[in-house]
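To start, the structure under review is shown below, and the notes come after it.
Numbering (UniProt numbering), first residue to last: 1 to 174.
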């Protein structure tokens, strides 16, 4: 939670969901952000009547903001980019959210986090973050999150948006 707050506070941009504050009630901590009317990207593309051109624009904005804002300018790796973590405001603009698995590359390099088990949605992960299907369960699997992993996840978002559906069939994890 501390890492998420640290990363999130550092990102100030119209296409990053702002962190408004922290609430600590009954030993539970919550982060407060604005309510986003249109929901996440997954919900939006199912409900909204948008053209293919609008879909491609949405993907383009998400890609531009992720690449420039997170990776290049701030050295942040999101780590769990998927259609549920891209929120759409009432004007149809994309906002990146959920920085729970994110870290600041320069500050976290060499830390145990970079080599720990990766969480997040399997469907959106880069293949190098998923253990081989025949790996022994007692083996330690310690992948490294890199900016390339976010780019792979972004490509899955683009595939989902442009193909009008989920990025993979239920029988496949990649």
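Don't be surprised by glycine CBs; every beta carbon is placed ideally from N, CA and C.
| Asked | Found |
| --- | --- |
| Could you say if the segment 50-64 and the segment 119-133 meet the contact criterion of at least three C-beta pairs nearer than 8 Å? | no |
| Can you check whether the CB of residue 77 is closer than 9 Å to the CB of residue 140? | no |
| Note the first and the last residue of the continuous alpha helix (DSSP H) segment covering residue 63. | 52-64 |
| Could you compute how far the alpha carbon of residue 54 sits from the alpha carbon of residue 19? | 28 Å |
| Residue 95 bridges to which residues according to DSSP? | 87 |
| I believe residue 41 touches residue 150 by the beta-carbon criterion, under 8 Å. Please report the beta-carbon distance rounded to the nearest angstrom. | Contact flag wrong, Cβ pair sits at about 15 Å. |
| Throw me the rounded Cβ distance for the residue 17 and residue 36 pair, which I believe falls under 8 Å. | 7 Å |
| Taking DSSP's pairing of strands, which residues face residue 30 in a bridge? | 23 |
| Keeping to the same chain, check which residues put their C-beta closer than 7 Å to that of residue 89; ignore five residues upstream and five downstream. | 36, 37, 38 and 95 |
| Measuring straight from C-alpha to C-alpha, what distance separates residue 126 and residue 33? | 28 Å |
| Quick check on residue 161: does DSSP put it in helix, strand or coil? | helix |
| Please say whether residue 50 and residue 92 have beta carbons closer to each other than 9 Å? | yes |
| Classify residue 142: buried if its beta carbon has 16 or more other beta carbons within 10 angstroms, exposed otherwise. | exposed |
| The alpha helix (DSSP H) spanning residue 46 covers which residue range? | 41-47 |
| Classify residue 52 as buried or exposed, calling it buried when 16 or more other Cβ atoms lie within 10 Å of its own Cβ. | exposed |
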